[in-house]
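Participant:
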Ligand SMILES: NC(=O)c1ccc[n+]([C@@H]2O[C@H](COP(=O)([O-])OP(=O)(O)OC[C@H]3O[C@@H](n4cnc5c(N)ncnc54)[C@H](OP(=O)(O)O)[C@@H]3O)[C@@H](O)[C@H]2O)c1
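In the numbering used here, the protein residues as written are 1 to 329.
1) Per DSSP, what kind of secondary structure is residue 89 in: helix, strand or coil?
2) Nearest to residue 41 by alpha carbon, out of 56, 51, 47, 27?
3) For residue 298 and residue 268, what's the separation of their Cα atoms in angstroms?
4) Would you say residue 309 touches ligand 1, meaning its beta carbon is less than 8 Å from a heavy atom?
5) For residue 137, which of 161, 89, 129 has the nearest alpha-carbon?
6) Counting only runs of 3+ residues fully inside the region 241–328, write out the beta strand (DSSP E) ranges in chain order.
7) Label residue 68 either buried or exposed according to how many other C-beta atoms from any shown protein chain fall within 10 Å of its C-beta, with 16 as the threshold for buried.
8) Does the beta carbon of residue 143 come closer than 9 Å to any beta carbon on chain D?
9) Start and end of the alpha helix (DSSP H) containing residue 24?
10) Can you tell me whether residue 1 is helix, strand or coil according to DSSP?
11) My output table needs one value for residue 150: the three-state DSSP class, helix, strand or coil.
12) I'd like the ranges of any beta strand (DSSP E) spanning at least 3 consecutive residues and lying wholly in the region 57–82.
13) If you follow the alpha helix (DSSP H) that residue 99 is in, where does it begin and where does it stop?
14) Note down the Cα distance separating residue 332 from residue 61, rounded to an integer number of angstroms.
15) How many Å lie between residue 78 and residue 39 at the Cα?
16) Just how far apart, CA to CA, sit residue 274 and residue 251?
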């Protein structure tokens with residue numbers, strides 16, 4: 001099909017944070033003719049005004065159903081993912097096997113592009129990682145953080161798959177923590193009966209101006225969901241060459257900045273001792289999965305986003321602090 005022809009785009013996980021931000025952009029883009037959305041729960045795209053989308057309930061663990069659903073797709077965007085919650089086996093079945101199923105189904109129906117939402121976590125949090133990593137820096141599994149290990153493993157597996165299916169070009173996006181109005185809402189459905197309690201506790205936390213809180217003075221990158229969505233859209237239409245792209249807001253903030261935005265009286269603690277403690281905790285023989293996230297504090301994971309700007313033509317429109325504020329609102 002010539003590049004001027006209109007695209008059919010299949011999207012797994014269109015009802016999550018990334019999907020909810022991407023869909024309006026696909027809806028508005030004249031180069032996109034038709035969208036096939038796949039996730040497990042019931043969903044009605046018409047309620048959001050997404051007239052191009054045909055929604056099919058499905059599971060990425062079902063390889064045959066994926067092939068049937070993807071029939072006619074020119075591009076597949078893979079966003080379906082499970083953060084460790086149903087045990088390691090279920091998580092791997094959805095994230096690792098599911099992702100391979102999705103890539104293979106995309107290749108089987110002749111999709112020209114496969115776009116995957118990876119993460120800065122794919123680089124691991126290794127002490128040798130430079131601040132301002134470009135895409136040339138190798139991705140290497142983290143020591144303990146399961147989520148980061150999976151992302152590095154998946155990038156490697158997808159690159160292997162892409163090498164054997166060269167007709168399906170692989171695009172990998174590596175965002176940091178994503179913020180925006182759907183960042184929490186899409187993942188956590190708070191039962192209505194608990195909502196007043198949860199909002200009350202959150203409100204009280206934000207009104208603790210008197211109590212000083214020790215916060216590490218470590219740098220971090222953030223990104224707004226709409227800026228991620230725009231990078232995904234640029235990959236969908238093939239705006240740049242296939243490959244990996246780092247994306248993040250232009251400003252690098254610190255945990256102290258974030259705590260202050262949350263209304264806390266943050267007292268900065270020098271970053272290096274905190275990172276050293278995080279490294280030591282990471283080496284403990286038993287670490288519950290929630291505690292593994294401490295590894296993300298063991299070394300700053302700061303990326304250079306020049307390639308996305310120069311090769312994809314991507315420009316972030318939101319600063320990190322604006323992204324945080326839009327989540328809190
Ligand atoms: N959010 C972030 O801060 C962040 C940062 C960097 C990278 N990423 C990556 O970006 C991608 C998208 O993240 P997100 O934040 O949009 O995720 P999310 O909000 O948790 O949404 C996940 C989506 O996947 C669907 N899904 C889950 N399991 C599925 C299955 N077995 N079969 C089919 N669909 C399934 C969910 O719908 P159902 O539950 O109805 O199936 C939902 O639509 C993930 O790969 C994530 O690791 C996210």
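Cβ coordinates follow ideal geometry from the N, Cα and C atoms, glycine included.
Facilitator: Taking the definition as stated:
1) Note: residue 89 maps to helix in three-state DSSP.
2) Looking at the Cα atoms, 56 is the closest of the given residues.
3) A direct Cα-Cα distance of roughly 16 Å separates residue 298 from residue 268.
4) Not a single heavy atom of ligand 1 lies less than 8 Å from the C-beta of residue 309.
5) Closest option to residue 137, judged by alpha-carbon separation, among 161, 89, 129: 129.
6) Within the region 241–328, the complete beta strand (DSSP E) runs of at least 3 residues are 243–246, 265–270.
7) The residue in question, residue 68, is exposed, as its Cβ has fewer than 16 Cβ neighbours within 10 Å.
8) Absent here is chain D; the protein component of the structure consists of one chain.
9) Element bounds for residue 24: 17–28.
10) Low confidence applies here, because residue 1 scores a pLDDT of 47, under 50, leaving its location unreliable; read the following figure in that light. Coil.
11) Assigned with DSSP and collapsed to three states, residue 150 falls in helix.
12) For the region 57–82, whole beta strand (DSSP E) runs of length 3 or above, ordered along the chain, are 75–78.
13) It spans 98–108 - the alpha helix (DSSP H) in which residue 99 sits, taken as one unbroken run.
14) Absent from the model: residue 332. The displayed extent of the chain is 1 to 329, so no value can be given.
15) The straight-line gap from Cα to Cα measures roughly 11 Å.
16) Whole-angstrom Cα-Cα distance: 22 Å.
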